[in-house]
Structures are given as structure tokens and as C-alpha cells.
Amino acid sequence: MKVAINGCTLEITEGDIAAQEVDAIVNAANRFLAGGGGVDGAIHRAGGPAIMEDTARRYPEGCPTGSAVIGVAGLLAAKHVIHAVGPVWRGGNENEAELLAGAYRRALELAAQHACRSVAMPALSTGAYGYPIDLASRVAVRAVGDFLVESGTPELVRFVLWGRAAYDAFAAAT
Ligand code: APR
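Residue numbers (our numbering): 12 to 185.
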């Protein structure tokens, strides 16, 4: 599914984020940039050790929740990996929506600063971090839509969802 926003395309698709052929792939990282399972595991497995060597050297203090940092993409078919740190879901009264939106926004700012024309993003926080997919999808689509309206870049933002339920939630939110 695709929608046009301010001359850009917002796309929703089902698949593996690590296999995307785009300028930047967004990782669902933790604030220590320590690697993990899910999206993080898939990206580091496919991209090789260069990705973590780079973040360990450039960002030894990690990345705050609600923000993102940019690094190399190793063996992936992308120029950059943007490590975005979404919040752990704690019931909804711990600023989760703002932190989640902040992680997406910062990821897109970094993509724009590095002249990325296409970006693939996962459903941050909706796996190990437990954010309900129906709520997270609305925050994600709004954050990305607002950024595209304001900045008119990148040309393509593709949400890459794992499984039909996640796809349906994002399609409903778009
Ligand atoms: N491609 C796209 N989406 C995927 C993939 C994949 N290869 N693998 C999992 N997903 C989906 C999950 O189904 C979930 O909807 O990505 C979403 C985010 O799940 P997680 O990767 O668990 O990310 P998150 O909830 O943000 O938790 C981050 O998990 O792996 C650790 O190091 C990571 O500590 C961090 C935490």
C-alpha cells in the first residue's frame, strides 16, 4: 500500500527489514546499542560485525530512548543503518507516545541530513518492548506523515512489517 504525502511516498509492506534495498535502514535498537533479537538481530546478522564496531567506537555512551544515531551498514544493501531507540511499553502513562514519535522523527532527520532518498523502518517498540501494535502504528504513521509534510524528504519511507497483523494495523492507521 502506498500514499503520497507532499511529493513523497509512504509505503507499507510486509517483509524483512534487513533485506531492503534503500539508502537507510532503521534498526529497533536499545539505548546501549548492544544488539539483541528481532530487528536488531536480523540487521546485525545480515550486516556483519562492522555495524557494531562502528557504533561502539562512535557512540560509546549509546543513544537515549526517543532518539536515534546513524552508522555504517556493513554488508547490507543500504548506505546507512540508523539505530532508533523506542520506549519500553509501561502502560501508556510514561510518555511512551512522545518517545516513540521522537525516535521516528530523529531517524528521519538523520536520513535527511545524510541525503538519503529512501528509508526503511520497522514497527519500533512493538516486539520485545511490548508497545501494542494498534497504538504504535498510529503514532508511527503520524510521526512520519508530519515529518514528510514539514520537510518534503526523503522521497520514500517504507514501513516494513513482520506478519499480517502488523501490516493490517499500519494499513488501518495510514
Ligand atoms: N523485519 C521487520 N520486522 C521485524 C523483523 C524483521 N526481520 N523481526 C522482527 N520484526 C518486528 C517485530 O515483529 C515487531 O513488530 O519488528 C517489531 C519490533 O520488534 P523488536 O525487534 O523486538 O524491537 P523493539 O520492540 O523495539 O525492542 C527492542 O529488542 O532486539 C532487542 O536490542 C533490541 O533491546 C532492543 C529491543
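Beta carbons: idealized from backbone N, C-alpha and C, even for Gly.
Which residues DSSP lists as bridging residue i, in chain order
| i | result |
| --- | --- |
| residue 169 | 22 and 131 |
| residue 13 | 22 |
| residue 83 | 91 |
| residue 38 | 94 |
Alpha-carbon to alpha-carbon, residue j and residue i
| i | j | result |
| --- | --- | --- |
| residue 180 | residue 152 | 10 angstroms |
| residue 150 | residue 112 | 6 angstroms |
| residue 72 | residue 44 | 9 angstroms |
| residue 62 | residue 47 | 13 angstroms |
| residue 41 | residue 116 | 17 angstroms |
| residue 69 | residue 91 | 14 angstroms |
Residue i Cβ short of 7 angstroms to the ligand APR heavy atom set
| i | result |
| --- | --- |
| residue 27 | yes |
| residue 47 | yes |
| residue 129 | no |
| residue 162 | no |
| residue 139 | yes |
| residue 177 | yes |
| residue 133 | yes |
| residue 40 | yes |
| residue 51 | yes |
| residue 97 | yes |
| residue 77 | no |
| residue 18 | no |
| residue 174 | yes |
| residue 152 | no |
| residue 136 | yes |
Supposed close pair residue i, residue j - CB separation, criterion 8 angstroms
| i | j | result |
| --- | --- | --- |
| residue 118 | residue 79 | 4 angstroms |
| residue 105 | residue 129 | About 33 angstroms; that fails the 8 angstroms criterion. |
| residue 39 | residue 49 | 6 angstroms |
| residue 17 | residue 159 | 5 angstroms |
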